[in-house]
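Please read the structure below before turning to the comments.
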Amino acid sequence: MVESNDNQPSPELEKFLFMEEMNARYYPPREIGYRIPAHLKDQQLLPLILSLREKKAEPQYPLLDQAGNPFRLWKTPAIEKIIHRIDTQKSQWLESGTSPGVLQELLIQNLIDEAFYSSWIEGAKTTRQKAEELARKKITPETRSEQMCLNNYRAMQFIVKNLNRSVDEKFVLELHRILTKKTLDPQDEPFAGKYRNDLVVVYDEAKNKVDYTAPAHDKVPEMMNRLLEWINFDNVDSLFVHPAIKASMIHFYTVYVHPFFDGNGRTARALMYHYLLKHGYDFMQYFSISKAIAANRKAYYDSLLNTEQVDSDLTYFVLFSVKMIEEAITTVELEKRKETSLASWLTKIQSSGANLNQRQERLFKFHFRNSLFPITISKYQKIFHVVYQTARTDLLNLAEHGLLETRKNGREFVFDLKGK
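According to our numbering, the residues represented by the sequence shown are 1155 to 1574, in order.
Printed below as a string of structure tokens:
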């Protein structure tokens, strides 16, 4: 039997529902059927599973769907485990004693990464190198994609500088204005920093169908006000919501309301960052969530659609989102080790008495961030666009100062870090 006499799920169904795979992935209904054991295929398991999920959901949140029903969330064991790991990593990060110089570089790198990947998710066509030039050298954008990237960088700077501000309508509209400057279509340009005044739909061109129809425009102010009140008045929550979970819900609901003609995803991710930084997770300024999302773009959109389409169940998006937060932290832990190694190497260079030119400095930065060594003269030529003699002189100079060692591979010299 699937159910016992007291209308409680049988041990067999409980085992299926709570098995690790189901908890870790939280499959939508269309995929649960593929995983139901063959001997249970004739049972009406799907309605029971969805009913059990609803019973496991926490008390209602003040965020309402288009039908006026509250979104709900089951804080699954998988979500709980990820949150615990995030908090553990937070403590370890704060106790790591990383040098201020390395932290400053990581901060800049994250601002650039967030600017680039948040733009890339929205279809911008530029490069990470170009994004870095826009931020560091403050060059003038030449394309819409470059402008979008620069806007995202400035929006991140705006967030970091305004952590003490309340997130009210003025804040959101100002953030949107920064994000969309000179990037909107001509007909939408008057709506930079303004809520939309018409219907919008999310259309999947590949499938030739509408994936999502946003709330009517006259509902936007009311729904956004509900969200903003919930963001700002944490003390009225009847249930504590972990900052990583609440930030994820803020992200989702902003996209769900779709308050603007364009720039909704970028605004949502920016508001998510602001909430995390403001509520004790200031170490998140070193981590690019958009970089993690970009690597899992299909899963990102699937989690949005599942939450919208399956009983307003936020579990789909929150599970995805906290996974991306954890992945972003893990990625930057690796970047921190690279930057620390680079800082140690630059100290070694200073003690060697070598006076490096810009190409030579960039060579070491490239290596510690992208594992460049060993390198040949011809490869050095291609990277820095110099003639053979210039490349040879640069590399031999580094070898003379004891920073590189050389060996021959056939007729070609190969240079590598000394003592690595």
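We put the CB at the ideal spot given by N, CA and C, even for glycine. These numbers were taken from a predicted model, which means no experiment stands behind them.
Run the CB neighbour count on G1419, radius 10 Å, all protein chains shown included, and call it buried at 16 or more, exposed below.
Result: buried.
Sufficient close CB pairs (3 or more, under 8 Å) joining the region 1435-1455 to the region 1498-1505:
Contact between the region 1435-1455 and the region 1498-1505 is absent: fewer than 3 CB-CB pairs across the two stretches fall below 8 Å.
Under the three-state reduction of DSSP, which class applies to P1344: helix, strand or coil?
Reduced to three states, the DSSP call for P1344 is helix.
Can you check whether the CB of E1212 is closer than 8 Å to the CB of L1227?
The Cβ-Cβ distance between L1227 and E1212 falls below 8 Å.
Using the Cα positions of R1561 and Q1543, report the straight-line distance between them to the nearest angstrom.
Near 18 Å, if we compare the C-alpha coordinates of Q1543 and R1561.
Taking the alpha carbon of D1436 as the point to measure from, which residue in E1185, L1317, E1259 and E1359 has its own alpha carbon closest?
Of the residues E1185, L1317, E1259 and E1359, the one whose Cα lies closest to the Cα of D1436 is L1317.
Secondary structure at F1569, three-state DSSP: helix, strand or coil?
Here F1569 sits in strand by DSSP.
Identity of the residue in P1254, A1553, K1348 and P1369 nearest V1355 by Cα
When only C-alpha atoms are compared, the closest one is P1369.
Residues that R1380 bridges to, as DSSP identifies them:
When DSSP reads this structure, R1380 sits in no beta bridge, so it has no partner.
So for D1372, helix, strand or coil by DSSP?
The three-state secondary structure of D1372, taken from DSSP, is helix.
Does the Cβ of L1488 have 16 or more other Cβ atoms within 10 Å, making it buried, or fewer, making it exposed?
Exposed is the call here.
Nearest to T1252 (by Cα), restricted to the options A1398, K1210 and S1495:
Residue S1495 is the option with its Cα nearest to T1252.
Kindly indicate which three-state DSSP category R1226 falls into: helix, strand or coil?
In the structure shown, the three-state DSSP call for R1226 is strand.
From this set, K1572, T1530 and R1546, which residue's C-alpha is nearest G1564's C-alpha?
Closest option to G1564, Cα to Cα, is T1530.
Quick check on this structure: which residue in L1257, L1329, K1363 and I1293 has the alpha carbon closest to the alpha carbon of E1493?
It is L1257 whose Cα lies nearest to the Cα of E1493.
In angstroms, rounded to a whole number, what distance separates the CA positions of E1566 and G1417?
Taken atom to atom, the span from the alpha-carbon of E1566 to that of G1417 is near 52 Å.
With a floor of 4 residues, list each alpha helix (DSSP H) that falls wholly inside the region 1182-1207, ordered by position along the chain.
Whole alpha helix (DSSP H) segments, 4+ residues: 1183-1189.
Decide if the region 1301-1312 is in contact with the region 1266-1275; the criterion is three or more beta carbon pairs, one per stretch, under 8 Å apart.
The region 1301-1312, when compared against the region 1266-1275, does touch it at the 8 Å Cβ threshold.
Can you tell me which of the three DSSP states D1339 falls into?
The answer is coil: DSSP assigns D1339 none of H, G, I, E or B.
What does the alpha-carbon distance come out to for the pair P1165 and P1201?
Roughly 17 Å between the two C-alpha positions.
Check whether the region 1463-1477 touches the region 1401-1412, taking contact to mean three or more Cβ pairs, one atom from each stretch, closer than 8 Å.
Yes: the two stretches touch, three or more of their Cβ pairs being nearer than 8 Å.
Using alpha carbons as the reference points, say which of V1314, A1545 and S1299 lies closest to Y1427.
Across the set V1314, A1545 and S1299, the C-alpha of V1314 shows the shortest separation from the C-alpha of Y1427.
Does DSSP put R1561 in a helix, in a strand, or in coil?
R1561 falls in the strand class under three-state DSSP.
For F1471 versus P1528, is the C-beta spacing smaller than 8 Å?
For the 8 Å CB-CB criterion, F1471 and P1528 do not form a contact.
Could you name the residues that DSSP lists as bridge partners for L1549?
According to DSSP, which records beta bridges pairwise, L1549 is partnered with nothing at all.
Going straight from the alpha carbon of H1555 to that of G1507, what length do you get?
Between H1555 and G1507, the alpha-carbon positions lie close to 8 Å from each other.
Of the residues E1515, K1533, I1537 and H1539, the one placed nearest L1557, counting alpha carbons only
Of the residues E1515, K1533, I1537 and H1539, the one whose Cα lies closest to the Cα of L1557 is E1515.
Three-state secondary structure (DSSP) of I1529:
Strand.
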